[in-house]
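There are 2 protein chains.
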Amino acid sequence: MPRWNDLSASEITLLDHVFWSSSISREALATGSSFSKSRANAAVAGMLEQGVLEPTGEQVATGGRRAGTLRLSRGLGVLLGVALGATGLEVGVLAPDLELLAHHSEPADVRDGPAIVLSRVRALMRELLKQCGAKPRDVIAIGIGVPGPVDFESGQLVNPPLMPEWDAYSIRDDLRADFSAPVFVDNDVNVMALGELWRMQRGLQNFLVIKVGTGIGCGIVCHGQVYRGANGSAGDVGHICVDPAGPRCHCGNLGCVEVMAAGPAIAREATAAALAGQSALLKQMLTERGVLKLQDVAQASRAGDVAANAIVQRAGALIGQMLASVVNFYNPSHVFIGGGIQRIGPLFLAAVRQSVYHRSLALSTRHLEIQYTPLGERAGLIGAAVLAMQESLKLVEGAK
Amino acid sequence: MPRWNDLSASEITLLDHVFWSSSISREALATGSSFSKSRANAAVAGMLEQGVLEPTGEQVATGGRRAGTLRLSRGLGVLLGVALGATGLEVGVLAPDLELLAHHSEPADVRDGPAIVLSRVRALMRELLKQCGAKPRDVIAIGIGVPGPVDFESGQLVNPPLMPEWDAYSIRDDLRADFSAPVFVDNDVNVMALGELWRMQRGLQNFLVIKVGTGIGCGIVCHGQVYRGANGSAGDVGHICVDPAGPRCHCGNLGCVEVMAAGPAIAREATAAALAGQSALLKQMLTERGVLKLQDVAQASRAGDVAANAIVQRAGALIGQMLASVVNFYNPSHVFIGGGIQRIGPLFLAAVRQSVYHRSLALSTRHLEIQYTPLGERAGLIGAAVLAMQESLKLVEGAK
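Heads up: the protein sequence lines correspond to chains A and B, in order.
So for the first sequence, our numbering puts the first residue at 79; every next one is plus one.
So for the second sequence, our numbering puts the first residue at 79; every next one is plus one.
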């Protein structure tokens with residue numbers, strides 16, 4: 079199996095360039111790198127020979143010479159990505175060019191604590207690797223996104239409000255019980271932001287990803303890099319106040335956007351509407367399913383239910399109000415919204431946009447685009463694999 | 079006169095290092111640069127000979143060898159810095175190591191338009207240069223901070239609310255009428271942030287500077303660089319809503335922090351308190367001076383006037399409320415507050431702190447420091463000179 083530990087610093091730079099381009103033509107690689115064309119070509123030839131790079135299927139003949147696109151070789155091994163949410167988990171095996179080879183998602187409750195949740199994650203990892211015909215030693219690195227604030231250096235959660243049992247637990251040591259590969263941990267929405275950064279091949283430099291699910295969080299990309307803040311808690315927008323007279327949040331303050339507009343608030347209002355007889359559809363769902371969840375409200379809204387639509391619009395307006403402050407401060411080029419809320423569809427997005435454009439300054443919103451995360455439900459898994467690959471490459475670079 | 083255009087790329091890198099260190103020992107320069115010690119020493123010797131660097135006064139003998147600190151040579155020329163506010167302007171001549179050689183400040187009204195204001199700026203520049211015995215051709219570069227959103231590439235203001243006549247006016251062309259040096263324009267609080275970044279020798283990577291004067295703005299330092307946003311309007315925090323039922327702002331929205339807590343709001347409330355007979359001191363000031371300004375309220379507050387203190391505390395609480403949102407989002411290590419508000423003293427700062435610590439998450443504020451800008455009233459002028467020097471060095475680097 080080819081190992082990149084033997085590569086030179088300039089070869090690693092080229093490797094990084096190929097990774098962030100997903101696949102790239104030899105021409106573009108040679109001209110896009112900071113090396114001379116002949117030096118880049120020689121390095122590429124060497125890396126092809128060592129099996130670190132490989133040609134993709136597409137070969138186009140141009141003017142007699144065989145041009146070809148390159149990608150990271152499948153022979154390098156696989157990446158493991160984990161997207162842990164408050165109420166579900168997803169594990170995936172990905173090729174070095176981030177093709178998803180196998181994945182599985184299922185409900186999970188992070189409040190069961192790290193021992194239970196992570197042993198299930200490890201079992202799924204082994205199972206999925208087997209499905210792909212890969213072995214634990216083939217794993218290049220593991221990336222995991224978690225729904226709480228992370229100290230990035232130690233890879234540990236710090237006072238996570240949704241998962242107190244995980245405070246200062248070493249996810250790294252836990253996963254290393256089965257795998258010798260390096261483990262990288264980050265906040266779930268930072269990981270989604272990293273995934274979108276990769277998808278756009280770093281084409282956007284300053285954008286935000288907002289995740290709305292059980293909580294509300296924000297991933298920040300600044301000057302083309304994920305920005306984590308002085309203590310790793312940057313993007314903690316769920317506790318921005320949108321109504322000083324609003325209900326009390328678990329953080330102790332009144333009127334946080336999270337307590338008023340995240341998944342549980344939407345489900346709670348839908349339950350109240352069902353019980354108050356404001357919606358036959360929500361009432362029927364409640365009777366059939368026992369409880370209403372965000373996805374039920376999304377389904378009712380898409381079906382045109384008036385009460386569900388009012389709840390969705392109110393949540394969108396409140397989240398837009400929070401976003402207006404953030405947009406005035408940060409002036410991003412794009413805001414991508416992801417998480418469970420994405421299932422609602424265009425109505426929620428329209429309410430958010432209206433609220434932001436109403437409250438933000440003209441200059442901040444002149445070219446602002448607000449849309450759902452293009453990677454959709456895969457943003458977390460892809461992002462976790464990008465984290466794994468990016469940080470592994472940094473480790474190798476650092477050792478040069 | 080020595081010219082750095084002739085320097086090599088690695089010499090420029092060393093020059094940049096010396097500039098950001100203010101002054102630096104030869105030892106520290108050789109070890110702090112990415113070059114080998116012998117290569118760095120040779121380059122330094124050459125730059126001393128060319129008169130680009132010079133030893134500072136302090137020479138310390140250590141172990142028989144003469145150690146010495148270095149700075150950018152006075153022979154390189156001078157920098158011109160301009161800090162333009164809504165109601166005043168300041169012009170300074172600075173040495174390449176940012177020692178202030180001459181400066182002058184006076185009231186000015188930006189609403190008089192660029193032609194009038196900038197002709198006064200040019201007159202002051204000529205006068206101050208003469209005072210220093212310098213000539214227009216000695217000017218290395220000019221930096222200017224202006225109280226509105228700037229398109230950094232073109233150096234032009236874009237829809238500035240406080241100075242509409244300046245929209246798309248070319249400050250560069252205007253100042254170039256008298257000086258052939260390059261002119262760099264940025265928003266006033268970005269310039270202050272750059273000044274503080276230089277003062278700390280880039281020791282802090284992620285911090286904010288809030289300016290409270292006629293308006294309220296924020297300079298953002300991210301990953302050790304000033305962050306200007308997708309359209310140059312990042313940090314426009316004055317229009318973050320702190321009270322949905324508050325008064326209407328000139329931007330059209332209700333309850334913006336600027337309309338409720340900036341200098342004019344504080345002066346307006348003080349006038350009302352004086353007229354309502356709530357403060358003998360404010361009434362006396364109003365009678366004597368005809369109008370009350372922020373500095374009058376500051377003076378009354380420092381004298382212990384109860385009505386002035388209540389006004390100051392309310393403004394601090396509102397600005398703190400806005401800052402709490404910003405701190406939750408950005409998780410800076412430090413927030414520095416500058417502008418006219420700085421004259422009020424500790425009472426205002428205490429109100430801001432209380433409000434931020436009350437509303438922000440524990441993790442965001444665990445190590446957060448909130449203080450007045452250490453450069454104080456010089457932040458704008460120093461920052462403008464840093465802008466001039468930094469961008470000039472980039473021009474030279476770009477030409478290599």
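Cβ atoms here follow ideal geometry from the backbone N, Cα and C, with glycine treated the same way.
At 7 Å on the CB atoms, spell out the chain A contacts of V404 of chain B, in chain order.
F407
Any idea which residues DSSP pairs S103 of chain B with across the strands?
Beta-bridge analysis with DSSP links S103 of chain B to B:T147.
Could you name the residues of the stretch 260-281 of chain B whose beta carbon sits closer than 7 Å to any beta carbon of chain A, in the order they occur along the chain?
none
Answer yes or no: does any C-beta atom of chain A fall closer than 8 Å to that of Y435 of chain B?
No, no contact with chain A.
Could you check what DSSP says for T134 of chain B in three-state terms: helix, strand or coil?
strand
If we define contact as Cβ-Cβ less than 8 Å, is P424 of chain B a contact residue for chain A?
For P424 of chain B, the answer is no, since every Cβ of chain A falls outside 8 Å of its Cβ.
Going by C-alpha distance, which of B:V390, B:Q234, B:V335, B:S116 is nearest L425 of chain B?
B:V390
From A:R431, A:Y450, A:E243, pick the residue whose C-alpha is nearest to that of G418 of chain A; which is it?
Looking at A:R431, A:Y450, A:E243, the one whose alpha-carbon comes closest to that of G418 of chain A is A:Y450.
I want to verify the contact list: residues of chain B whose CB lies under 7 Å from the CB of S311 of chain A, in sequence order.
Taking a Cβ-Cβ cut-off of 7 Å, the neighbours of S311 of chain A in chain B comprise N409, L439, L441, S442, given in sequence order.
Assuming L150 of chain B and L131 of chain B make a contact with CB atoms under 8 Å, what is their CB distance in whole Å?
7 Å
Give a yes or no on whether the minimum CB-CB distance between C296 of chain B and chain A is below 8 Å.
yes
How big is the Cα-Cα spacing for A388 of chain B and G423 of chain B?
14 Å
Indicate whether the contact test is met: 3 or more Cβ pairs, each with one atom in the stretch 194-211 of chain A and one in the stretch 392-411 of chain B, closer than 8 Å.
Flag = no, the stretch 194-211 of chain A and the stretch 392-411 of chain B do not touch.
Rounded to the nearest angstrom, how far is the Cβ of L359 of chain A from that of D321 of chain A, given a contact under 8 Å?
Not quite, the Cβ-Cβ distance comes to about 28 Å (not below 8 Å), so this is no contact.
Between the Cα of E127 of chain B and those of B:E243, B:G153, B:R392, B:G313, spot the shortest distance and give me the residue it belongs to.
B:G153
Quick check on E243 of chain B: does DSSP put it in helix, strand or coil?
The three-state secondary structure of E243 of chain B, taken from DSSP, is helix.
Measure how close the beta-carbons of G313 of chain A and G291 of chain A come, nearest whole angstrom, since I'm counting them as under 8 Å.
The pair is not a contact, with the Cβ atoms about 14 Å apart (cut-off 8 Å).
Name the chain B residues that come within less than 7 Å of Q468 of chain A, Cβ to Cβ?
Simply none; closest approach about 16 Å.
Would you mind giving the Cβ-Cβ distance between G295 of chain B and G316 of chain B, rounded to the nearest angstrom? I have them listed as a contact below 8 Å.
6 Å
In terms of residues, what are the limits of the beta strand (DSSP E) holding G191 of chain A?
Where G191 of chain A is concerned, there is no enclosing beta strand (DSSP E), given that its DSSP letter is neither H nor E.
Does the beta-carbon of D264 of chain A have 16 or more other beta-carbons within 10 angstroms, so that it is buried, or is it exposed?
buried
Quick one: measure Cβ to Cβ for V335 of chain B and M270 of chain B, integer angstroms, because I've assumed they're closer than 8 Å.
About 18 Å separates the two Cβ atoms, so there is no contact after all.
Does chain B have any CB closer than 8 Å to the CB of Q432 of chain A?
Output row for Q432 of chain A: interface = no.
Exposed or buried, which one is A219 of chain A when buried takes at least 16 other CB atoms within 10 Å?
buried
Does the separation of the CB atoms of F76 of chain A and V228 of chain A fall below 8 Å?
Nothing in the structure corresponds to residue 76 of chain A, since chain A is present only between 79 and 478.
Extract the residue ranges of the beta strand (DSSP E) inside the stretch 292-345 of chain A, only unbroken runs of 3 or more that lie entirely within it.
294-300, 303-305
How would you label R81 of chain A, buried or exposed, when you count the other beta carbons within 10 angstroms and need 16 or more for buried?
exposed
Within a Cβ cutoff of 6 Å, which residues of the same chain sit near Y435 of chain A, ignoring the five residues on either side of it in sequence?
Answer for Y435 of chain A: T443, listed in chain order.
Please list the partners that C329 of chain B has in chain A, where partner means a Cβ-to-Cβ separation under 8 Å.
L439
Nearest chain B C-beta to D245 of chain A closer than 8 Å, yes or no?
no
Closest to C329 of chain B by CA distance: which of A:L253, A:R437, A:A164 is it?
A:R437
In chain order, what residues of the same chain have a beta carbon less than 7 Å from the beta carbon of G110 of chain A, not counting five sequence neighbours either side?
Cβ within range, chain order: H95.
If you follow the beta strand (DSSP E) that I220 of chain B is in, where does it begin and where does it stop?
217-224
Using DSSP with H/G/I as helix, E/B as strand and the rest coil, what is E184 of chain A?
strand
State the DSSP-derived secondary structure class of N83 of chain A, mapped to helix, strand or coil.
In the three-state reduction of the DSSP assignment, N83 of chain A falls in the helix class, which pools H, G and I.
Under DSSP, the beta strand (DSSP E) around E447 of chain A begins and ends at which residues?
Taken as a continuous stretch (DSSP letters only), the beta strand (DSSP E) holding E447 of chain A covers 447-450.
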